[in-house]
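Residue numbers (the UniProt record's numbering): 1 to 128.
Glycine included, each C-beta is placed from N, C-alpha and C at the ideal position.
Everything on this sheet refers to the single structure shown next.
What follows is the structure, given as structure tokens:
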């Protein structure tokens, strides 16, 4: 798989998230997916994302930077949204905020097997 092929799969994955197309998530995410070092499996990963959309109804994943070096992807995602209540332990309570997430993925057989994510919580705190 080339870097361009992997980048295309990743863009399709992000589109799947933005459409909340949970029935097709397994097309992009491995059954045995790990998130920040913990095995949560596809069902746990799906539930995490569903909960994100519950907490942030206008959530939209915007790819700001994408580097593809198979079998890895590095991405900086940006968010401009209005969380309903508490987000990452912070009382946002409907205030519009912007922040970024730096995330690295390891793919196996064309699907995401490992995810390492760091969210810029300091950016959110500065806006509150």
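Near residue i, what residues of its chain come up, given a Cβ to Cβ distance below 7 Å and the 5 sequence neighbours on each side ignored?
i          : result
residue 14 : 61, 63
residue 51 : none
residue 69 : 3
Does residue i come within less than 8 Å of chain D when only Cβ atoms are used?
i          : result
residue 17 : Looking at the structure shown, chain D is missing, and only one protein chain is on hand.
Distance check for residue j and residue i, CA to CA, integer angstroms please.
i           : j           : result
residue 135 : residue 58  : The question about residue 135 has no answer here: the residues shown for the chain are numbered 1 through 128.
residue 1   : residue 27  : 16 Å
residue 123 : residue 54  : 21 Å
residue 30  : residue 113 : 5 Å
residue 39  : residue 45  : 9 Å
residue 95  : residue 41  : 32 Å
residue 80  : residue 56  : 10 Å
residue 21  : residue 43  : 14 Å
Going by DSSP, name the residue or residues bridged to residue i.
i           : result
residue 116 : 104
residue 34  : 39, 114
residue 69  : 72
residue 86  : 91
residue 78  : 62, 100
Return the residue from the list the options that minimises the CA-CA distance to residue i.
i          : options          : result
residue 36 : 75, 118, 49      : 118
residue 5  : 109, 125, 126    : 109
residue 33 : 19, 20, 48       : 48
residue 99 : 25, 72, 20, 121  : 121
residue 65 : 125, 18, 101, 21 : 101
residue 76 : 41, 116, 21      : 116
residue 71 : 21, 22, 127, 111 : 111
residue 7  : 78, 20, 107      : 107
Might you give, ordered along the chain, the residues of its own chain that have their beta carbon closer than 6 Å to the beta carbon of residue i, omitting 5 neighbours on each side?
i           : result
residue 74  : 67, 104
residue 127 : 97
Beta-carbon within less than 8 Å of residue i's beta-carbon, same chain only, minus the 5 sequence neighbours each way: which residues are those?
i          : result
residue 16 : 24, 25, 27, 28
(message) Does the structure place the stretch 7–26 close enough to the stretch 90–98 that three or more beta carbon pairs sit under 8 Å?
(response) no
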